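Numbering (the numbering used here), first residue to last: 1 to 163.
Following this line, the structure appears as structure tokens:
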């Protein structure tokens, strides 16, 4: 099963592709889509085009996207939500089922604790995907989302575990 994980962001949208065969995970690719332009609509369109290219190139079987947490900056949360819409839309255009995971669930699945720091996430991604060259923190998060989804799809009982 080929999984694409997506860490939504308006400036930087992280992505990571892994193959999961039984309990084995293998890194395929990862990177960061950087939005282009000043206008919000143009930035969203650039993310859409880049993510479409990635899904066309790597042909995943399923996708996973991190859920948005609401913060004190309502305008920032709304913009992130719009980028998250692109992250959900593109896989849907490819006919993929999309799993959604809270940040704490991703961290608990990959690191073992729900409030792990970014450096801990990157370390555990390196442990679980030996030899991976991570394109940056957003790509590390996307790979963690893909790993989380691979575990939850393989073992449906994990879906019931509290975040």
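Note that the Cβ used here is the ideal one computed from N, Cα and C, for glycine as well. Note that the coordinates shown come from a computational prediction; the quantities given were computed from them, not determined experimentally.
*Would residue 23 be called buried (16 or more neighbouring beta carbons within 10 Å of its own) or exposed?*
The residue given as residue 23 occupies position 23 in the chain shown. Exposed.
_the region 38-46 contacting the region 55-67, beta-carbon criterion three pairs below 8 Å_ = no
*Which residues bound the beta strand (DSSP E) around residue 7?*
Residue mapping note: residue 7 aligns to position 7 of the chain shown, counting from 1. First-last of the beta strand (DSSP E) with residue 7: 2-7.
*Roughly how far, in whole angstroms, is the beta-carbon of residue 16 from the beta-carbon of residue 146, given that I think they are within contact range, below 8 Å?*
Here the question's residue 16 lines up with position 16 in the chain shown. Here the question's residue 146 lines up with position 146 in the chain shown. About 5 Å separates the CB atoms of residue 16 and residue 146; that is less than 8 Å, so the two are in contact.
*Near residue 94, which residues of its chain fall below 6 Å by C-beta distance, leaving aside the five closest residues on each side in sequence?*
Position 94 of the chain shown, counted from the first residue, corresponds to residue 94. The residues are 55.
*In or out: residue 81 buried (at least 16 other Cβ within 10 Å) or exposed?*
On the chain shown, position 81 is the one that residue 81 refers to. That one is exposed.
*Could you give the distance in angstroms between the alpha-carbon of residue 116 and the alpha-carbon of residue 151?*
Residue 116 sits at position 116 when you count from the first residue of the chain shown. Residue 151 sits at position 151 when you count from the first residue of the chain shown. Taking the straight line from one Cα to the other gives about 18 Å.
*Is residue 27 helix, strand or coil when you go by DSSP?*
Taking the first residue of the chain shown as position 1, residue 27 is located at position 27. If DSSP states are grouped into helix, strand and coil, residue 27 belongs with the strands.
*Give the single residue among 106, 48, 125, 139 whose Cα lies nearest to the Cα of residue 84.*
As a first step, residue 84 is located in the chain shown; it is residue number 84 there, counting from the start. Measuring from the Cα of residue 84, the nearest candidate turns out to be 48.
*asked:* Any contact between the region 95-108 and the region 61-77? By contact I mean 3 or more CB pairs, one from each, below 8 Å.
replied: yes
*For residue 32, write down the residues that DSSP places opposite it in a beta bridge.*
Taking the chain shown and counting its residues from 1, the one referred to as residue 32 is at position 32. For residue 32, which the question treats as bridged, DSSP gives the partners 14.
*Classify residue 77 as helix, strand or coil using the three-state DSSP reduction.*
Here residue 77 refers to the residue found at position 77 of the chain shown. Note: residue 77 maps to helix in three-state DSSP.
*Should residue 77 be labelled buried (16 or more other beta-carbon atoms within 10 Å of its own) or exposed?*
Along the chain shown, read from residue 1 onward, the residue named residue 77 stands at position 77. It is exposed - the Cβ of residue 77 has fewer than 16 other Cβ atoms within 10 Å.
_Unbroken stretches of the alpha helix (DSSP H), 4 residues or longer, contained in the region 118-145_ = Here the runs fully enclosed are 118-128.
_From the DSSP secondary-structure annotation, give me the bridge partner or partners of residue 100._
By one-based count along the chain shown, residue 100 stands at place 100. Looking at the DSSP assignment, residue 100 forms a beta bridge with 65.
*Helix, strand or coil for residue 92, going by three-state DSSP, please let me know.*
Taking the first residue of the chain shown as 1, we reach residue 92 at position 92. Helix, per DSSP.
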